[in-house]
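J.: According to our numbering, the sequence shown is numbered sequentially starting from 9.
Even glycine gets a Cβ: it sits at the ideal position worked out from N, Cα and C.
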Amino acid sequence: MAVKKIASDTLDFILESCKASHPREFGALLEADGDTIINVIYLPGTDSTSRSVSLKTWMMPNMPHAGSVHSHPSGAIRPSEQDLIFFRMNEVNIIVGSPYTRESWKAFNKNGDLTSLEVVDYEFNDEFDDYLDGFDD
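1. So, at 6 Å on beta carbons, what are the nonlocal neighbours of Tyr108 in its own chain, with the 5 sequence-adjacent residues on each side left out?
2. Tell me Val127's beta-bridge partners as DSSP assigns them.
3. Glu111 lies in the alpha helix (DSSP H); which residues open and close that run?
4. Measuring alpha carbon to alpha carbon, tell me which residue in Asp20, Gly42, Gly83, Tyr50 is nearest Ser76.
5. Please determine whether the Cβ atom of Ile14 lies at a distance below 7 Å from any heavy atom of the ligand MN.
6. Taking 8 Å as the limit between beta carbons, can you name the residues of its chain near Ile85, skipping five residues before and five after?
7. What are the boundary residues of the alpha helix (DSSP H) that includes Asp91?
8. Compare the C-alpha of Val100 against each of Ser82, Ser124, Pro31, Leu19 and name the closest.
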């Protein structure tokens with residue numbers, strides 16, 4: 009199923025992660041539930057500088073991913089040549105530019121063409137809270 013949406017809370021998490029990483033790039037993979045991006049998968053060993061981020065994709069758990077996200081501290085929201093090579097592995101790729109607001113991100117398909125993601129409210133299933141409820145006295 010094609011990814012067409014991103015959960016509002018997930019987008020907010022991405023924006024805050026980019027701000028926290030600044031002036032270094034933030035980079036991660038994205039997980040979807042059906043057609044909606046709901047989770048950020050941060051890979052162990054990820055290296056970042058102010059000009060690049062290197063994801064250790066071999067550290068990816070054995071699970072599917074829907075795409076990638078990374079920041080451009082320069083504020084430029086267009087893919088570099090290196091980005092375009094990496095994009096080929098992912099259905100959707102998000103670039104977030106400084107100042108990391110709802111207005112400073114764009115989504116691209118695996119060919120590097122601009123695409124759109126609808127920001128939606130998503131009801132997260134809080135399985136961990138359900139698990140902890142079993143320990144109530």
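T.: Taking the definition as stated:
1. Leu23, Cys26, Lys27
2. Ile14
3. That residue, Glu111, is in no alpha helix (DSSP H); it is neither H nor E in DSSP.
4. Tyr50
5. Questions concerning the ligand MN fall outside what the structure shown contains, since it holds no ligand whatsoever.
6. Ile103, Val104, Gly105, Ser112, Trp113, Lys114
7. 89-95
8. Ser124
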